[in-house]
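Everything on this sheet refers to the single structure shown next.
Protein chains in written order, with this note's numbering: chain A, 1469 to 1717; chain B, 267 to 470.
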């Protein structure tokens, strides 16, 4: 049986690993940061603001992760062109995460899918809850409203060739209050490709809810583990006990 | 031993080469026909569309070199994902496209009976290996491997070394004389994946 995945998201600012709160770099990790042997998959995002650092540093971090980690590695942040895909794939990424670049130029999804395969294109959708309870897609690190609804955008992206959708609740990012599973379910149910959910996990129970209420194929965590060996294991034990089919070792 | 990872412009060559190096083997990533012909072990990686894969092999003049190494000299070749599919006669991915034609097999779309199963098939899934399979020596039973694909290789002409199930049974790995293939990504499947690569390097 295909296992539910537990994905570790790493946010890097100028090549340095940070955790985030509401999309702002918040705390710099100093510890040995990744125990690659017990996570199912890694997503590394460049959260360097334009003009504030070097792309090279991020690329170097990706190359290093790829060399050490024999698990799937997705990379993204600031991807605007097929050249950016080439660069990240060349550094050892297996998949590329696109967000703002896809909203600005939806044709990029199709072009990249044609060149590298749909499995290579992960569309990241950052959404904020409106006061009326509906959701809106934001770009540029969550700062630009787009007028798009997450479901419609995800569906369109699937048609254009995206292979996975990564849904992030901006409101929940870094809050440890749990995923926004209304958002997650709406988006996951509107597409047939796997949905990865992100933003807000603070307790192991949140993972169970992400799968069961959010209809996720994978739950992502950015800030919950401080990358110790036991945290991933405890999370998986909890999921196993809750009846979720995961990869245990 | 000269291990050559064939570079035809598709797929994550770095991680395949990295995994082989981790196992202590010297690896060259190459798109040079002579280097490929002289290899002791060839790895044909690849992620992407079938037609592009074949077009790239042709554009780089690699079809004859691969043919010579695999069929002429009988060197062991391991195809990974798309690289394994390219060994088939043809693929129905986005139209009908001829492959290398080394195996009497076709590449067909995954069609799980359960319509709620998502395509592509992405993630860790159980693989059951046939007793005596070379690639799965010392791999614990029911190990999990990482898959990411929408198509799979199908045919009577291949010896299925391992099966996987995703709403339908499909070939997870095959072994046909000197030709080996995995639908999953051993280079992304942690310890068990490394063991499969080790078996290819040391037991073929």
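Ideal Cβ positions, reconstructed from N, Cα and C, are used throughout, including at glycine.
Q) Hey, out of B:325, B:303, B:320, B:326, whose CA is closest to residue 334 of chain B's CA? A) In the second chain, residue 334 of chain B corresponds to position 68, counting from 1. Sorting B:325, B:303, B:320, B:326 by C-alpha distance to the C-alpha of residue 334 of chain B places B:303 at the top.
Q: Taking 7 Å as the cut-off, decide whether the C-beta atoms of residue 1614 of chain A and residue 1607 of chain A are in contact.
A: For the purposes of this step, residue 1614 of chain A is taken as the residue at position 146 of the first chain. For the purposes of this step, residue 1607 of chain A is taken as the residue at position 139 of the first chain. A contact, by the Cβ cut-off of 7 Å.
(Q) Suppose you measure from the CA of residue 327 of chain B to the CA of residue 272 of chain B; what does that come to, to the nearest Å? (A) As a first step, residue 327 of chain B is located in the second chain; it is residue number 61 there, counting from the start. As a first step, residue 272 of chain B is located in the second chain; it is residue number 6 there, counting from the start. The alpha-carbon atoms of residue 327 of chain B and residue 272 of chain B are separated by roughly 12 Å.
Q: Could you tell me whether any Cβ in chain B is nearer than 7 Å to the Cβ of residue 1654 of chain A?
A: By 1-based counting over the first chain, the position of residue 1654 of chain A is 186. Not closer than 7 Å to any Cβ of chain B, the Cβ of residue 1654 of chain A fails to qualify, so no.
Q) Can you give, in chain order, each stretch of the beta strand (DSSP E) that sits fully within the stretch 1593-1669 of chain A and has at least 3 residues? A) 1603-1607, 1632-1637, 1663-1666
Q.
Quick check on residue 388 of chain B - is its C-beta less than 7 Å from some C-beta in chain A?
A. Taking the first residue of the second chain as position 1, residue 388 of chain B is located at position 122. Residue 388 of chain B counts as touching chain A.
Q: Check whether the stretch 1698-1712 of chain A touches the stretch 1664-1682 of chain A, counting contact only when three or more Cβ pairs, one atom from each stretch, lie closer than 8 Å.
A: yes
Q. Can you list, in chain order, the residues of the stretch 1673-1694 of chain A whose Cβ is nearer than 9 Å to any Cβ on chain B?
A. If you check each beta-carbon in the stretch 1673-1694 of chain A against every beta-carbon of chain B, the ones closer than 9 Å belong to 1685, 1686.
Q.
Which residue marks the beginning of the beta strand (DSSP E) containing residue 390 of chain B, and which one marks its end?
A. Residue 390 of chain B sits at position 124 when you count from the first residue of the second chain. First-last of the beta strand (DSSP E) with residue 390 of chain B: 387-392.
Q: Take the Cβ of residue 379 of chain B as the centre, count every other Cβ of all protein chains shown within 10 Å, and call the residue buried at 16 or more, exposed below.
A: Reading the second chain from its first residue, position 113 is the one you call residue 379 of chain B. Residue 379 of chain B should be labelled exposed.
Q) Which residues of chain B have a Cβ atom closer than 9 Å to the Cβ of residue 1707 of chain A, listed in chain order? A) The residue labelled residue 1707 of chain A in the question sits at position 239 within the first chain. Those do not exist, as residue 1707 of chain A stays about 13 Å from chain B at its closest Cβ, beyond 9 Å.
Q | Helix, strand or coil at residue 408 of chain B [DSSP, three-state] | A | Locating residue 408 of chain B in the second chain gives position 142, counting from the first residue. Reduced to three states, the DSSP call for residue 408 of chain B is coil.
Q: Return the chain-ordered list of same chain residues with a C-beta closer than 7 Å to the C-beta of residue 1661 of chain A, the five sequence neighbours on each side being excluded.
A: Stepping through the first chain from its first residue, residue 1661 of chain A is reached at position 193. Hits under 7 Å: 1626, 1630, 1631, 1632, 1633.
**Q.** Alpha carbon of residue 1526 of chain A to alpha carbon of residue 1516 of chain A, nearest angstrom
**A.** One-based indexing of the first chain puts residue 1526 of chain A at position 58. One-based indexing of the first chain puts residue 1516 of chain A at position 48. Answer to the nearest angstrom: the Cα atoms are 9 Å apart.
**Q.** Inter-residue spacing [alpha-carbon to alpha-carbon] between residue 1509 of chain A and residue 369 of chain B
**A.** Walking along the first chain from the start, residue 1509 of chain A turns up at place 41. Walking along the second chain from the start, residue 369 of chain B turns up at place 103. For residue 1509 of chain A and residue 369 of chain B, the distance between alpha carbons rounds to 32 Å.
Q. How about the stretch 438-456 of chain B and the stretch 1571-1588 of chain A: do they share at least three Cβ pairs that are nearer than 8 Å?
A. In short, these stretches do not touch, since the Cβ pair count stays below three.
(Q) DSSP three-state label for residue 347 of chain B, please. (A) As a first step, residue 347 of chain B must be located in the second chain, where it is residue number 81. Note: residue 347 of chain B maps to coil in three-state DSSP.
(Q) So, at 6 Å on beta carbons, what are the nonlocal neighbours of residue 1513 of chain A in its own chain, with the 5 sequence-adjacent residues on each side left out? (A) Numbered from its first residue, the first chain carries residue 1513 of chain A at position 45. Correct list, in chain order: 1479, 1544, 1545.
Q. Going by C-alpha distance, which of A:1558, A:1507, A:1635, A:1491 is nearest residue 1524 of chain A?
A. The count along the first chain starts at 1 and reaches residue 1524 of chain A at position 56. Nearest option by C-alpha distance: A:1558.
Q.
Please give me, in chain order, every unbroken run of the beta strand (DSSP E) with length at least 3 that falls completely inside the stretch 302-331 of chain B.
A. 307-310
Q) Taking C-beta to C-beta, are residue 394 of chain B and residue 429 of chain B nearer than 7 Å? A) Stepping through the second chain from its first residue, residue 394 of chain B is reached at position 128. Stepping through the second chain from its first residue, residue 429 of chain B is reached at position 163. Yes, the pair counts as a contact, with Cβ atoms nearer than the cut-off.
Q.
Determine whether the beta carbon atoms of residue 1658 of chain A and residue 1619 of chain A lie at a separation below 7 Å.
A. Within the first chain, numbered from 1, the residue matching residue 1658 of chain A stands at position 190. Within the first chain, numbered from 1, the residue matching residue 1619 of chain A stands at position 151. Result yes, Cβ atoms of residue 1658 of chain A and residue 1619 of chain A sit closer than 7 Å.
**Q.** Proximal residues to residue 1665 of chain A (C-beta, below 7 Å), its chain only, five neighbours per side dropped
**A.** Residue numbering aside, residue 1665 of chain A sits at position 197 when the first chain is read from its first letter. Same-chain partners within the cutoff: 1635, 1647, 1652, 1678, 1682, 1684, 1687, 1688.
Q.
For the structure I just gave you, are there three or more beta carbon pairs, one from the stretch 403-423 of chain B and one from the stretch 274-283 of chain B, closer than 8 Å?
A. no
Q.
If you measure between the beta carbons of residue 462 of chain B and residue 376 of chain B, is that distance less than 7 Å?
A. By 1-based counting over the second chain, the position of residue 462 of chain B is 196. By 1-based counting over the second chain, the position of residue 376 of chain B is 110. Result no, Cβ atoms of residue 462 of chain B and residue 376 of chain B do not sit closer than 7 Å.
Q | C-alpha gap between residue 1703 of chain A and residue 1669 of chain A, whole angstroms | A | Taking the first chain and counting its residues from 1, the one referred to as residue 1703 of chain A is at position 235. Taking the first chain and counting its residues from 1, the one referred to as residue 1669 of chain A is at position 201. Those two C-alpha atoms are separated by around 11 Å.
Q.
Taking the straight line between their C-alpha atoms, what separation do you get for residue 427 of chain B and residue 1476 of chain A?
A. Here residue 427 of chain B refers to the residue found at position 161 of the second chain. Here residue 1476 of chain A refers to the residue found at position 8 of the first chain. One C-alpha to the other measures close to 32 Å.
(Q) Do residue 1550 of chain A and residue 1556 of chain A have their beta-carbon atoms positioned less than 7 Å apart in this structure? (A) Translated into the one-based positions of the first chain, residue 1556 of chain A becomes position 88. Translated into the one-based positions of the first chain, residue 1550 of chain A becomes position 82. Not in contact: residue 1556 of chain A and residue 1550 of chain A (Cβ atoms no closer than 7 Å).
Q. Span of the alpha helix (DSSP H) holding residue 1535 of chain A?
A. Counting from one through the first chain, the residue named residue 1535 of chain A turns up at place 67. That run of the alpha helix (DSSP H) goes 1523-1536.
Q) With burial defined as no fewer than 16 other Cβ atoms inside 10 Å of the residue's Cβ, what is the status of residue 398 of chain B: buried or exposed? A) Along the second chain, read from residue 1 onward, the residue named residue 398 of chain B stands at position 132. With fewer than 16 Cβ atoms within 10 Å of its Cβ, residue 398 of chain B is classed as exposed.
Q | Contacts that residue 419 of chain B makes with chain A (C-beta to C-beta distance below 8 Å) | A | The residue labelled residue 419 of chain B in the question sits at position 153 within the second chain. Residues of chain A passing the Cβ test: none, with the nearest at roughly 16 Å.
Q) Residue range of the alpha helix (DSSP H) that residue 1673 of chain A falls in? A) Reading the first chain from its first residue, position 205 is the one you call residue 1673 of chain A. First-last of the alpha helix (DSSP H) with residue 1673 of chain A: 1672-1680.
Q. Does DSSP put residue 1554 of chain A in a helix, a strand or coil?
A. The count along the first chain starts at 1 and reaches residue 1554 of chain A at position 86. In the structure shown, residue 1554 of chain A sits in a helix (DSSP, three-state: H, G or I).
(Q) Output needed for residue 441 of chain B: all residues of its chain with C-beta closer than 7 Å, excluding positions within five of it in sequence on either side, in chain order. (A) What you label residue 441 of chain B is simply residue 175 of the second chain in a count that begins at 1. So the list reads 399, 400, 401, 425, 427, once near-sequence residues are dropped.
Q. Of all Cβ atoms in chain B, is any one closer than 7 Å to the Cβ of residue 1553 of chain A?
A. For the purposes of this step, residue 1553 of chain A is taken as the residue at position 85 of the first chain. No, residue 1553 of chain A lies away from the interface with chain B (no Cβ there is under 7 Å from its Cβ).
(Q) The beta strand (DSSP E) that contains residue 1491 of chain A, what's its start and end? (A) For the purposes of this step, residue 1491 of chain A is taken as residue 23 along the first chain, with counting starting at 1. Under the DSSP assignment, residue 1491 of chain A falls outside any beta strand (DSSP E); it carries neither an H nor an E label.
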